[in-house]
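Structure first, commentary second.
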Amino acid sequence: MKLFADPETDTELEETKVKLEASFKQPSAPTPSVKGIDGKSSTAPMSLALPFTPTPSHLSKKKVPGNFGFDPLNFSASEGTLDYMRDAEIKHGRLAMLACVGWPFAEIFDAKIAGFLGLPVLLNKYGESPSILNGGLDRINPFYWLLVISLAGLVEYDITELKKDPKTYTPGNVGYDILSLLPKDKEGEFKRREQEVKHGRLAMGAIVGYAVQEAVYHVPVLEEKIFGIF
């Protein structure tokens with residue numbers, strides 16, 4: 015029987031134990047490395063939109079409303095381009111939200127308003143709204159388009175003036191908040207802007223759905239039945 019410990023043997027046993035424990039441990043997943051437009055590699059978190067891909071480096075550096083790490087085609091690869099694309103997305107989202115309400119509103123009231131004012135009905139044969147896919151845009155008075163373009167130009171001119179000070183300009187800012195919908199605190203403002211981006215994205219998808227659905231089935235959106243049931 016061995017009464018005294020052998021230091022060399024104990025050390026060897028301890029080293030063997032450590033090696034065995036290490037062999038059973040799973041190696042931690044490396045942080046994905048992505049390349050920016052400058053060609054330099056950098057680590058980035060995984061995308062919330064596509065969890066199996068890393069967030070593009072230019073989106074992981076800046077916290078902006080509606081950023082879910084999705085830009086596979088690098089449309090907003092630089093900071094200047096990012097602000098430009100954000101501005102464009104917000105504007106299109108706002109127009110789409112108005113269109114989602116105005117489209118069915120027109121299909122309900124166009125004939126009544128036109129009859130009251132003695133004007134021609136602008137809806138298509140089956141009561142659908144005029145669109146690029148449905149046709150019928152040629153029936154709209156050219157002066158209407160002139161008015162729309164003129165008003166849009168005035169708004170864009172005001173926005174251009176605001177953009178001259180990039181430190182204070184925020185994408186989507188048109189210089190007024192008549193209903194005071196934007197909270198005064200930073201956290202509340204960020205949340206409200208993110209809500210607007212999300213609703214705008216949903217509306218852009220919906221308005222495309224309106225146009226495609228009516229072009230295919232020739233049924234007004236409010237009369238279309240889901241799977242022929244309701």
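In terms of our numbering, the sequence shown opens at residue 15 and continues consecutively. Don't be surprised by glycine CBs; every beta carbon is placed ideally from N, CA and C. Fair warning: this is a prediction, and the values are worked out from it, not measured in the lab.
Buried or exposed: which applies to residue i, given that a residue is buried once 16 or more other Cβ atoms fall within 10 Å of its Cβ?
| i | result |
| --- | --- |
| H232 | exposed |
| T174 | exposed |
| G53 | The predicted position of G53 is uncertain, since its pLDDT is 48 and thus under 50; no value can be drawn from it. |
| N155 | exposed |
| A43 | Because A43 sits at a pLDDT of 44, beneath the cut-off of 50, its placement in the model cannot be relied upon, and the following sentence gives the value as read from the coordinates. Exposed is the call here. |
| P59 | exposed |
| P70 | buried |
| Y158 | exposed |
| P234 | buried |
| S143 | buried |
| L96 | buried |
| P197 | exposed |
| G202 | exposed |
| G149 | exposed |
| Y171 | exposed |
| L73 | buried |
| E121 | buried |
| P180 | exposed |
| P65 | exposed |
| R206 | exposed |
| G129 | exposed |
| G94 | exposed |
| G107 | buried |
From what residue to what residue does the alpha helix (DSSP H) around residue i run?
| i | result |
| --- | --- |
| S74 | 71-74 |
| S164 | 156-177 |
| E210 | 200-231 |
Name the DSSP bridge partner or partners of residue i?
| i | result |
| --- | --- |
| M60 | P68 |
| G149 | S145 |
My guess is that residue i and residue j are in contact by the Cβ rule of under 8 Å, so how many angstroms apart are they, rounded?
| i | j | result |
| --- | --- | --- |
| V211 | P79 | 5 Å |
| N187 | L176 | 6 Å |
| S61 | F89 | With a Cβ gap of about 15 Å, S61 and F89 do not count as contacting. |
| S124 | V115 | The sequence shown places Asp at residue 124, not Ser. About 14 Å; that fails the 8 Å criterion. |
| A229 | L109 | Not confirmed; about 20 Å, so no contact. |
| G214 | M111 | 6 Å |
| A63 | F84 | 4 Å |
| A91 | S145 | Actually they do not touch by this definition, with Cβ atoms about 33 Å apart. |
| E238 | Q227 | 6 Å |
Inter-stretch contact at 8 Å, needing at least 3 Cβ pairs: the segment 214-223 / the segment 103-113: yes
Any 3 or more C-beta pairs closer than 8 Å across the segment 156-166 and the segment 132-140: no
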